[in-house]
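Quick note, the sequence shown lines up with residues 1 to 473 if you use this note's numbering. Notes to accompany the following structure.
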Amino acid sequence: MNENKSALVERIIKDLNSVLMKPGLTDFDIVPVESNKNKSPVLFEDTSVGLESWCVKMVYMHCYNELMDNYLSHPKRRLSKPSNVNQKRLNDLLNTTLLLNPDITTLWNKRREMMEKNFLEWVSELQFARLVISRKPKCNEAFMYRRWILEDVLREEVMHPYQFIDALVEEEISICTMAADKCPNNYHCWDHRRWLLVILWSIRFDFDSTLLFYNEYKFIKEWTANHVSDHSCFHYRQFVLKKLYHFDERWNEFERLMDVDLRKNLANFINAHIESDPNAKLCKILKHCLEDYEVVVALLGHCPGNCKCYSPYSVTYKKLELLLYELVQSDDLLKYYKYHETLWYHRRFIVSELLQTIYNHLHIERNNGKLERVQGPTKVGECHGRCRKCHDEDLREHFGKTEKYGVEWVYHSPLNKIFVKHEKEFVKDRRKDSDKYADRHDSYMKAKVTYRKKRERALITTLAECGLQIKEY
Numbered sequence: 001m002n003e004n005k006s007a008l009v010e011r012i013i014k015d016l017n018s019v020l021m022k023p024g025l026t027d028f029d030i031v032p033v034e035s036n037k038n039k040s041p042v043l044f045e046d047t048s049v050g051l052e053s054w055c056v057k058m059v060y061m062h063c064y065n066e067l068m069d070n071y072l073s074h075p076k077r078r079l080s081k082p083s084n085v086n087q088k089r090l091n092d093l094l095n096t097t098l099l100l101n102p103d104i105t106t107l108w109n110k111r112r113e114m115m116e117k118n119f120l121e122w123v124s125e126l127q128f129a130r131l132v133i134s135r136k137p138k139c140n141e142a143f144m145y146r147r148w149i150l151e152d153v154l155r156e157e158v159m160h161p162y163q164f165i166d167a168l169v170e171e172e173i174s175i176c177t178m179a180a181d182k183c184p185n186n187y188h189c190w191d192h193r194r195w196l197l198v199i200l201w202s203i204r205f206d207f208d209s210t211l212l213f214y215n216e217y218k219f220i221k222e223w224t225a226n227h228v229s230d231h232s233c234f235h236y237r238q239f240v241l242k243k244l245y246h247f248d249e250r251w252n253e254f255e256r257l258m259d260v261d262l263r264k265n266l267a268n269f270i271n272a273h274i275e276s277d278p279n280a281k282l283c284k285i286l287k288h289c290l291e292d293y294e295v296v297v298a299l300l301g302h303c304p305g306n307c308k309c310y311s312p313y314s315v316t317y318k319k320l321e322l323l324l325y326e327l328v329q330s331d332d333l334l335k336y337y338k339y340h341e342t343l344w345y346h347r348r349f350i351v352s353e354l355l356q357t358i359y360n361h362l363h364i365e366r367n368n369g370k371l372e373r374v375q376g377p378t379k380v381g382e383c384h385g386r387c388r389k390c391h392d393e394d395l396r397e398h399f400g401k402t403e404k405y406g407v408e409w410v411y412h413s414p415l416n417k418i419f420v421k422h423e424k425e426f427v428k429d430r431r432k433d434s435d436k437y438a439d440r441h442d443s444y445m446k447a448k449v450t451y452r453k454k455r456e457r458a459l460i461t462t463l464a465e466c467g468l469q470i471k472e473y
């Protein structure tokens, strides 16, 4: 490179880095310009920075070659650490090179080295990483760099005020939303968002993560409704849904935020598949706002070895509320957005979670395609024998039935029958629209839900005692 071009490149590097020192920058991009118009190619307006495209190649090659020759490649300097003498020049070269090509891991590691030597401030580095992401939303190196900085900031022993953590969380969420909006199927931004929720969950004693998870579920529900072919955002939705299982406080606030009555939604789903019998036991239970355990017992039966005082009844009920709400939402999406494979895969997740919830409640696991009883905390009826509050003959009688029928009970539990009937009807409806994925879902259901016929007649009596009369399949 001749002296004139070298001087021009040095001036561009200087102008660009002087702009990067300004606080509050949010965006960077390359502006298509064919030739030099005898002015600085560095553009700056409000919170956005740009560089004219005519100079990109020569600026990048100049910075990259100097980095390789003077800081990284030479045997005597490859392991040399930044010093007060060269850190300013090194920082300018790294800024320029990474903005133009952020996919060089070695350069990001050099920035980490400078951070550890306190040559760089973490606030300015987060801003720089945002500029990189604004131009290349799928830059995993930039997201990894942000995680490296934030993990150190959030886990340090200094107690941060709530306002400080709230500001960091709001900034990270806005960056992830911006990256997802700019580039569909952006796994890296959704993975970063998932990491943020995980680390906030780990420090929940210093940060109230309950409302954050509620807001995230509302956000991702609306986002997936507008991005029905994006596998990454549905994966994030499944992550948030599984985290909601662990929250029990301020549940009414969650329902108000979502503008939905989950108990009413569950009752409507069940009643839609029950024969019109006003005297049915299940109809009576769901008609009134009774305890959670009564609804679970009506749908699944008592948890083997435990009475109605057993606390996981409320956990099971909450899972059923959420999963049946997800199933209803999936019905609407698949009817409105036809032939989308992503929506069917999300439905498989719902089916799998719902079946696993039933298995966990009944202390059952699937081993090599065969259902087996898992040893619970107590033997069947043992807890009932000790519990003074729940001493009733109906409970003792039901324990005897679950012990007699064993794992066969899961196939004919009221909820399982209703759920399978719903899926059969839904698949039949989707086949009318020639949706090829409906047949795949039907095959998946046959693999996940297997019926045993040899004891079916004996169990019809038990099913009738639950107040249900469901047509045979």
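C-beta atoms are modelled at their ideal positions from N, C-alpha and C, and glycine is treated no differently.
query, result
"contact_flag[the stretch 58 to 67, the stretch 20 to 31] where n(CB pairs < 8 Å) is 3 or more", "no"
"Identity of the residue in Ser434, Arg373, His412 and Gln238 nearest arginine 347 by Cα", "Gln238"
"Straight-line Cα distance separating asparagine 252 from tyrosine 444", "35 Å"
"Coarse secondary structure for lysine 335, derived from DSSP in three states", "helix"
"One or two residues paired with phenylalanine 28 in a DSSP bridge", "Val49"
"Phenylalanine 164 classed as buried or exposed, judged by whether at least 16 other C-beta atoms fall within 10 angstroms", "exposed"
"DSSP three-state assignment for lysine 136, whether helix, strand or coil", "coil"
"Environment of threonine 316 [buried if 16+ CB atoms lie within 10 Å]", "buried"
"Bridge partner(s) assigned by DSSP for phenylalanine 44", "Val49"
"Assigned exposure category for threonine 106 - 16 Cβ within 10 Å defines buried", "exposed"
"Rounded C-alpha distance that separates arginine 431 from serine 330", "16 Å"
"Sub-8 Å separation of aspartate 332 and tyrosine 313 beta-carbons", "no"
"Neighbour-count burial assignment, isoleucine 149, 16 or more Cβ in a 10 Å radius", "buried"
"Identified DSSP bridge partners for glutamate 365", "Glu372"
"Every unbroken beta strand (DSSP E) inside the stretch 212 to 247 [3 residues or more]", "none"
"Buried or exposed (CB count within 10 angstroms, at least 16 for buried), histidine 363", "buried"
"For cysteine 183, the first and last residue of its enclosing alpha helix (DSSP H)", "First-last for cysteine 183: undefined, no H or E at that position."
"N- and C-terminal bounds of the alpha helix (DSSP H) containing tryptophan 251", "251 to 258"
"Cβ neighbour criterion (16 or more within 10 Å) applied to proline 161", "exposed"
"Euclidean distance between Cα positions of aspartate 15 and glutamine 127", "18 Å"
"Rounded C-alpha distance that separates lysine 499 from valine 328", "Residue 499 cannot be examined here, being either before or after the span of the chain that is shown, 1 to 473."
"Unbroken alpha helix (DSSP H) run spanning asparagine 17, endpoints", "3 to 20"
"Any alpha helix (DSSP H) of 4 or more consecutive residues that is wholly inside the stretch 105 to 157", "105 to 116, 122 to 135 and 140 to 155"
"For leucine 241 and leucine 320, believed in contact at Cβ under 8 Å, the rounded distance", "Leucine 320 to leucine 241, Cβ: 13 Å. No contact."
"Inter-residue spacing [alpha-carbon to alpha-carbon] between tyrosine 434 and lysine 182", "According to the sequence as given, residue 434 is serine; it is not tyrosine. Whole-angstrom Cα-Cα distance: 33 Å."
"Span of the alpha helix (DSSP H), counted from its first residue to its last, around valine 56", "56 to 67"
"Selected residue, minimal CA-CA separation from histidine 340, among Arg440, Asn186, Glu326 and Phe269", "Arg440"
"Simplified DSSP state of serine 202, which is helix, strand or coil", "helix"
"Of the listed residues Arg135, Leu168 and Lys136, nearest to glutamate 151 (C-alpha basis)", "Leu168"
"Alanine 438, DSSP secondary structure in three states", "helix"
"Alpha-carbon to alpha-carbon, cysteine 189 and serine 73", "32 Å"
"Buried or exposed (CB count within 10 angstroms, at least 16 for buried), glutamate 170", "exposed"
"Reference leucine 299, options Tyr236, Tyr336, Asn215 and Asn416, closest by Cα", "Asn416"
"Inter-residue CB distance, leucine 244 and tyrosine 325 (contact presumed, cutoff 8 Å)", "The pair is not a contact, with the Cβ atoms about 11 Å apart (cut-off 8 Å)."
"CA-to-CA distance, leucine 93 to asparagine 17, given in whole angstroms", "9 Å"
"Per-residue DSSP class, three states only, for asparagine 36", "coil"
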